[in-house]
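Novice: My questions will all concern the structure given below.
2 protein chains.
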Amino acid sequence: MSRAAVRLVDVAEQAGVSLATASRVLNSSRPYGVRADLRARVLEAAEQLGYEPNHHARALAGSASMTIGLVVHDVRDAYFALVAGAVVSAAEEHGLFVTIVNTYRDPEQETKYLRLLRAQRPRAIIVAGSGFRGEAAEPILAELKQFEASGGVVVALGTQHAGHSIDVGNHDGARRLAHSLCDLGHREFAVVTGSAAMNTVADRVEGFRQGLSERGVELGESAVHYGEPTRETGRQAAERFAAARAAGAQVPTCVFGTFDLIAAGLVGGLTQAGIVVPDQVSVAGFGDVPPAADMTPALTTVRLPLEDIGRRAVELALLTEGDRQLVTVEPEVLLRQSTAAPRER
Amino acid sequence: MSRAAVRLVDVAEQAGVSLATASRVLNSSRPYGVRADLRARVLEAAEQLGYEPNHHARALAGSASMTIGLVVHDVRDAYFALVAGAVVSAAEEHGLFVTIVNTYRDPEQETKYLRLLRAQRPRAIIVAGSGFRGEAAEPILAELKQFEASGGVVVALGTQHAGHSIDVGNHDGARRLAHSLCDLGHREFAVVTGSAAMNTVADRVEGFRQGLSERGVELGESAVHYGEPTRETGRQAAERFAAARAAGAQVPTCVFGTFDLIAAGLVGGLTQAGIVVPDQVSVAGFGDVPPAADMTPALTTVRLPLEDIGRRAVELALLTEGDRQLVTVEPEVLLRQSTAAPRER
DNA sequence: CTGAAAGCGCTTACAG
DNA sequence: CTGAAAGCGCTTACAG
């Protein structure tokens, strides 16, 4: 119960061996390093003293860092919470720790925290944010490159910043969803989505458009409504649809909210306006965030295999050499009660 | 673009000053430490080289660690995601990083990760789990004490393991909820909750019981149903109530699910069994987890001021001396559509 | 197989 | 105000 933490010297002393020997035992490097009796004495001493090696010293002395940096927009967001959970679980299996930073969808914050993260000298940085396009992405990319240049590994989810990347299935998932909806009989669609500057948004919209196109349906640019990835955006869009409908305008039979939250807002807004989902309009989301299955009606959506993604991300993070990898995963379309065949008119 | 990261010597060299001087400038300690021109040169060199100090070296050399350990049951859980988000935000404001570990509601895991966390030498450990009672808690407590003995600070949420603690309001929130429900006219209650071994459960049940008692209503032990904090537990309980009701048994007019998820299951199960909420039975939850407000009917629940809790936790984590603190926060009862005055019989 | 010693990148008394 | 030097707790060639 001394004021300071137990050090390796303390262990070595108690075991009656040199520092080097104690270190070798505790690092379980090669199997035949240390004589059995010495090994036993060291282990016992460590156990007895409750010794826990100082990671800082370890990292400084050259052994690989035990931490992984995880960059998300906000852990409070269900999607990122699931990603974070998967990464933390996978990391724990490898004895690694995960340090989380929130960037709040702000490129400047992202750059700043990436830089601060470098100071921690994590073994790898996993960028789970949706990334940005164009100019905003440049300083971020620069930070990532510098991290790589100093020996760190970068894993990007859903985008190809730098380093390894995992295609989480935004494009492919939206494409498959489009197929399913067309197969249900829909031909007139609208899309309500987040900011065009986000990769996630662009990927989902493009994937959806491609999927429709493969079924012979064109999605015009005017059918895509950009906003924030929030319930409110969905609700407002719903009100506009309802108004247009009341005014006798031609209205889509199916609306795709590219985030479950948007879709939830759409369902709420339409219902409130007296439009029955899915009888009059079908609504689909993306993400399969927990409440999606429990909404009324249960939300048709796309599930990304987040657990799988987390595991793969950590595996890539552990790679010490070799070429950049590009991993793909299989998204899954979940047809539930918020979509149905369109009514004849 | 050398292979290794930029070091302080590199900066000092480029600025033409000694290591010590460079260090002083970059640590912005006392304002009048270094001559202005030297200071400027150091700053410029650092900027130019993209220097970011090595935290490991810093920590080893004696400056306070920049990381906080956060122990949760599972970040995927909405409650913990919100807590984690709040802690990460607050930490970022102080330039600190948060390392998250998941314990999966398992005392052994918790002990293990607490121990591994010690190796990271974080400045503080915030234990956000609901904690355990009795024997299971002992090794956890021992780890925490050892961490404190070696100079770390411990902050416990919702329980008083060791170190500072924040009473997150489980007891008080449930107590206030009981008042509100009694004021609505209810006199017959049932409680559906998680495992009795969890502090959260015990606190909420006890608080609820006390609140009722203060309104002259007694809650018998047989009216409390223990299970898991899941939707399924709620659903099953609902089925039992429905069966009892169909059999003509006396049934409570109001059921309190001590977790929103349980309450959601209760509402779902009751509705499915043809019992209308709140007309026939009122249901209340606890937590105000995001979907709560958007359920149909919207769920009456208790909101804990998680943002506030996160901020206070980080403040306590930063305390370097002084007595243990016990912080209290103000939970809020949110009366929504899932509760109403009981129907006369 | 084992130990003495150098070195990782910083900070901080201690001299000047 | 500034610099040379010791030391933080480890790991790892290098000798033995």
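Line by line, the protein sequences are chains E and V. Residue numbers for the first sequence, in full-length UniProt numbering: 1 to 345. Residue numbers for the second sequence, in full-length UniProt numbering: 1 to 345. For glycine and all other residues, C-beta sits at the position ideal for the given N, C-alpha and C.
For a minimum of 4 consecutive residues, which ranges assigned as the alpha helix (DSSP H) are wholly contained in the UniProt domain "HTH lacI-type" (6-62) of chain V?
Specialist: Complete alpha helix (DSSP H) runs here, min 4: 8-15, 19-26, 36-49, 55-60.
Novice: Alpha carbon to alpha carbon, what distance is there between E:Asn102 and E:Ile125?
Specialist: About 13 Å.
Novice: Determine, using beta carbons only, whether E:Leu82 and V:Arg76 come nearer to each other than 7 Å.
Specialist: Yes, the pair counts as a contact, with Cβ atoms nearer than the cut-off.
Novice: So that I know if they touch, is there some Cβ in chain E lying closer than 7 Å to that of V:Arg121?
Specialist: With 7 Å as the cut-off, V:Arg121 counts as an interface residue toward chain E.
Novice: Which same chain residues, not among the five before or five after V:Leu335, have their C-beta less than 7 Å away from its C-beta?
Specialist: Counting only Cβ-Cβ distances below 7 Å, and skipping sequence neighbours, we find Ser180, Thr300.
Novice: For chain V, check one thing: does any of its Cβ atoms lie closer than 7 Å to the Cβ of E:Glu52?
Specialist: yes
Novice: Closest Cβ-Cβ distance between E:Ser213 and chain V: below 7 Å?
Specialist: no
Novice: What residues are listed by DSSP as bridge partners for E:Arg303?
Specialist: E:Glu332
Novice: Are the stretch 246-256 of chain V and the stretch 307-316 of chain V touching, with three or more C-beta to C-beta distances below 8 Å?
Specialist: No, they do not touch.
Novice: With DSSP as the reference, identify every bridge partner of V:Asp167, one or two as the case may be.
Specialist: V:Thr328
Novice: Report yes if the C-beta distance between E:Glu52 and V:Ala57 is below 7 Å; otherwise report no.
Specialist: no
Novice: Taking 7 Å as the threshold (C-beta atoms), are E:Gly194 and residue 356 of chain E in contact?
Specialist: Beyond the ends of chain E as shown, which are 1 and 345, falls residue 356 of chain E; an answer cannot be given.
Novice: Please check the pair V:Pro331 and V:Arg215, which I expect to be a contact at CB under 8 Å, by giving their CB distance rounded to whole angstroms.
Specialist: No, V:Pro331 and V:Arg215 are not in contact; Cβ-Cβ is about 18 Å, not under 8 Å.
Novice: Under the three-state reduction of DSSP, which class applies to E:Ala119: helix, strand or coil?
Specialist: helix
Novice: Check this for me: beta carbons of E:Thr99 and E:Pro139, under 7 Å apart or not?
Specialist: no
Novice: Using the Cβ count rule (16 or more neighbours within 10 Å means buried), how would you classify E:Ser2?
Specialist: In this predicted model, E:Ser2 has a pLDDT of only 42, less than 50, meaning its place in the structure is not dependable enough to derive any value.
Novice: Are the CB atoms of E:Ser65 and residue 353 of chain E within a distance shorter than 7 Å?
Specialist: The requested residue 353 of chain E is not part of the displayed model; chain E covers only 1 to 345.
Novice: When you check each C-beta in the stretch 145-178 of chain E against every C-beta of chain V, which residues fall closer than 7 Å?
Specialist: Result list: Gln146, Ala149, Ser150, Gly151.
Novice: Give me, in chain order, the residues of the same chain whose beta-carbon lies closer than 6 Å to that of E:Cys254; leave out the 5 immediate sequence neighbours on both sides.
Specialist: Leu181, His186, Phe189, Ser282
Novice: Which of the three DSSP states is assigned to E:His179 in this structure?
Specialist: helix
Novice: Tell me V:His225's beta-bridge partners as DSSP assigns them.
Specialist: V:Val192
Novice: Return the chain-ordered list of same chain residues with a C-beta closer than 8 Å to the C-beta of E:Val155, the five sequence neighbours on each side being excluded.
Specialist: Ala124, Ile125, Ile126, Val127, Gly163, His164, Ser165, Ile166, Ala313, Leu316, Ala317
Novice: Give a yes or no on whether the C-beta atoms belonging to V:Ala45 and V:Val11 are separated by under 7 Å.
Specialist: Yes, the pair counts as a contact, with Cβ atoms nearer than the cut-off.
Novice: Keeping to the same chain, check which residues put their C-beta closer than 8 Å to that of V:Val329; ignore five residues upstream and five downstream.
Specialist: Ile166, Asp167, Val168, Gly169, Leu304, Pro305, Asp308, Ile309, Arg312
Novice: Would you mind stating whether E:Pro291 and E:Gln337 have Cβ atoms separated by less than 7 Å?
Specialist: No, Cβ-Cβ distance for E:Pro291 and E:Gln337 is not below 7 Å.
Novice: Any Cβ of chain E within less than 7 Å of the Cβ of V:Phe259?
Specialist: So no, V:Phe259 is outside the interface.
Novice: Can you give the beta carbon distance from E:Gly211 to E:Ala178, rounded, assuming they're within the 8 Å contact cut?
Specialist: 3 Å
Novice: Helix, strand or coil for E:Gly151, going by three-state DSSP, please let me know.
Specialist: coil
Novice: Roughly how many angstroms lie between the CA atoms of V:Ala293 and V:Leu261, to the nearest whole one?
Specialist: Straight across, the Cα-Cα distance linking V:Ala293 with V:Leu261 is about 12 Å.
Novice: Quick one: what's E:Phe132 bridged to in DSSP?
Specialist: E:Met198
Novice: Counting only runs that start and end within the stretch 72-123 of chain V, where is the alpha helix (DSSP H) found for 4 or more residues in a row?
Specialist: The stretch 72-123 of chain V is shown to contain whole alpha helix (DSSP H) runs of 4 or more residues at 78-93, 107-120, in chain order.
Novice: For V:Phe97, collect the residues of the same chain with a Cβ closer than 8 Å to its Cβ; drop the 5 residues on either side in sequence, then sort them by chain order.
Specialist: Hits under 8 Å: Met66, Thr67, Ile68, Ala91.
Novice: Grouping DSSP H, G and I as helix and E and B as strand, with all else coil, what is V:Val277?
Specialist: coil
Novice: Show which residues of chain E have a CB atom less than 8 Å away from the CB atom of V:Leu60.
Specialist: Asn54, His56, Ala57, Leu60
Novice: Which stretch, first to last residue, makes up the alpha helix (DSSP H) that contains E:Gly265?
Specialist: Segment 260-272, the alpha helix (DSSP H) holding E:Gly265.
Novice: Which of helix, strand or coil does DSSP assign to V:Leu319?
Specialist: coil
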